[in-house]
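Undergrad: Numbering-wise (UniProt numbering), the sequence shown opens with residue 1 and increments by one. Here a beta-carbon is modelled for each residue, glycine too, at the ideal position from N, C-alpha and C. Sharing a structure here in structure tokens format.
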Amino acid sequence: MSTAWVVFQRSMRYTVSNPAWVVTGLLQPVLYLVLFGPLLSGLNDVQGYGGGNSWRFFVPGLLVQQCVFAAVFVGFGVLAEARSGVLDRMRVSGASQLGLLLGRISRDVLVVLGQAAVLVLGAVAFGLRAPAGGILLTFVLLAVFAVAMSALSYALALRVRSEGAYGQVVNAFTLPSLLLSGVLLPLTLAPAWLAAVARVNPLSHVVDAARGLFAGQTTGRPVLVGSSVALTAAVLALWFGVRSVRGISK
């Protein structure tokens, strides 16, 4: 754990001294919140759309989307360190490979939660009404899912070892996954075939869990399934990430 703490401190110092990417990372979700969210008020009575409060449906999806975008792009940073030999020197020094990964992931989770807090506060100003306990539990869900996405990002980046190739992989999988998760519109509006495909997408279950928590349904099936998916993804991604760190110099 000492390795994780040292790496976390190093990563946080870099983030604090270069906050531009954290701030610019909020630009897109804030635009969605300000320019897209108000358009959805007419969908309050649509089945599966917020139970009379469109913000309670829209904001959880936006939070998960922001979690995905914030986490998947951290792979670009680790590629620069791998290429310069920083990671390799840390690895051969006897530092824990899991610690090397957890230190960076802890920073990423903290950034995701900070951005989520800003978005929720903005949404409250626009009319979001949700139980405080549900919002806090959603933050826990986001933290677990951010671990999964961040670890997967580092693992894939270290496997492809190229910014260009990694960017193509991210673009090829991120957008379809988000579109098939119903982050912006309810899947109840989708044709049967599209809804069936979306059910296979793990991300859709995480989105459903976040919406269930915002609705106060803390023990509902969507919350249990989505939480299990996020936790399983985190464990598998950490395992994949550690294996990728071990193979840096191969």
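Cα separation between residue 135 and residue 69?
TA: About 20 Å.
Undergrad: According to DSSP, simplified to helix, strand and coil, what is residue 121?
TA: Here residue 121 sits in helix by DSSP.
Undergrad: Tell me where the alpha helix (DSSP H) around residue 58 begins and ends.
TA: Element bounds for residue 58: 54-72.
Undergrad: Helix, strand or coil for residue 18 per DSSP?
TA: DSSP places residue 18 in coil when its eight states are reduced to three.
Undergrad: Taking only three categories from DSSP, how would you classify residue 50?
TA: Because residue 50 carries a pLDDT of 49, less than 50, the predicted location of this residue cannot be relied on, and the following value inherits that uncertainty. In the structure shown, residue 50 sits in a helix (DSSP, three-state: H, G or I).
Undergrad: Residue ranges of each alpha helix (DSSP H) run of no fewer than 4 residues wholly in the stretch 91-160, ordered along the chain?
TA: Within the stretch 91-160, the complete alpha helix (DSSP H) runs of at least 4 residues are 97-126 and 132-160.
Undergrad: Between which two residues does the alpha helix (DSSP H) containing residue 80 stretch?
TA: Note, residue 80: alpha helix (DSSP H), 75-84.
Undergrad: Checking 8 Å against the spacing of the C-beta atoms, do residue 100 and residue 240 come in under that value?
TA: Against a cut-off of 8 Å, the Cβ pair of residue 240 and residue 100 comes out as no contact.
Undergrad: With distances taken from CA atoms, which of 181, 196, 25 and 225 is nearest residue 204?
TA: The shortest Cα separation from residue 204 among 181, 196, 25 and 225 belongs to 181.
Undergrad: Could you round the C-beta distance between residue 174 and residue 72 to whole angstroms and report it? I think they count as a contact, below 8 Å.
TA: 6 Å between Cβ atoms; contact.
Undergrad: If we ignore side chains and look at the alpha-carbon of each, how far apart do residue 56 and residue 143 end up?
TA: About 20 Å.
Undergrad: Can you tell me the Cα-Cα spacing of residue 209 and residue 171, whole angstroms?
TA: If I take the Cα positions, the gap works out to 25 Å.
Undergrad: Taking the alpha-carbon of residue 186 as reference, which of 58, 8 and 30 has the nearest alpha-carbon?
TA: Here the closest residue by C-alpha is 58.
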